[in-house]
Amino acid sequence: MNAVYVLASRKHGTLYVGVTSDLPLRISQHRAGIYGGFTYQYGVKRLVWYELHEGIEDAIHREKRLKKYKREWKINLIEEMNPNWDDLFPAFFKVDGPLSHLQPPEPSM
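Here it is as structure tokens:
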């Protein structure tokens, strides 16, 4: 799941743009503070925007472009997809989310 993503500390807070070949794993790492660094230091854990790509090269190219965006443009990009700046990470594991197959099966009655 190659992706470019934006994390935020809160609505209109500190932003972080990243790229990964495994979005759920990478976001989990940010949330757990495994690598320290910028996201750990500034409490940037909320997944507020992402874009999936077929190839990692395309994702890296897009990340580089987004990092050059003015802050206002990044905010507009986020708010087009996620106007309330909700944390999108939990939705990956909902019934109809991209990782719904990881949920335990419903008990049969």
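In numbering that gives the first Met the number 0, the protein residues as written are 0 to 108. Backbone N, C-alpha and C fix where the C-beta goes; we use that ideal spot for every residue, glycine too.
Just verifying my parser: in three-state terms, what is the DSSP assignment at Leu87? The residue labelled residue 87 in the question sits at position 88 within the sequence shown. If DSSP states are grouped into helix, strand and coil, Leu87 belongs with coil.
Beta strand (DSSP E) runs wholly inside the stretch 23-74, at least 3 long, in chain order: 45-52
Pop quiz: Ala2 and Trp84 are said to be a contact at Cβ under 8 Å. What is the actual Cβ separation, rounded to whole angstroms? Translated into positions along the sequence shown, residue 2 becomes position 3. Translated into positions along the sequence shown, residue 84 becomes position 85. Actually they do not touch by this definition, with Cβ atoms about 18 Å apart.
Buried versus exposed call for Asn75 [16 or more other C-beta atoms within 10 Å across all chains shown]: Taking the first residue of the sequence shown as 1, we reach residue 75 at position 76. Its Cβ having fewer than 16 others within 10 Å, Asn75 is exposed.
Starting from the Cα of Gly17, find the closest Cα among Gln40, His60, Asn81, Ala90 and give me that residue. Counted from its first residue, the sequence shown places residue 17 at position 18. Measuring from the Cα of Gly17, the nearest candidate turns out to be His60.
Option in Phe37, Leu14, Glu62, Lys67 with minimal Cα separation from Ser20: Start at 1 with the first residue of the sequence shown, and residue 20 comes out as number 21. The shortest Cα separation from Ser20 among Phe37, Leu14, Glu62, Lys67 belongs to Glu62.
Report all residues from its chain with a CB closer than 8 Å to the CB of Val43; omit the five preceding and five following residues, and keep chain order. Stepping through the sequence shown from its first residue, residue 43 is reached at position 44. So the list reads Leu6, Ala7, Ser8, Gly12, Thr13, Leu14, Tyr15, His29, Phe37, once near-sequence residues are dropped.
What number of angstroms, rounded off, separates the C-alpha of Ala90 from the C-alpha of Leu22? As a working mapping, residue 90 is identified with position 91 in the sequence shown. As a working mapping, residue 22 is identified with position 23 in the sequence shown. Computed Cα separation, rounded: 13 Å.
On the DSSP letters alone, give me the boundaries of the beta strand (DSSP E) that Asn123 sits inside. Because the chain here runs from 0 to 108, residue 123 falls outside it and cannot be looked at.
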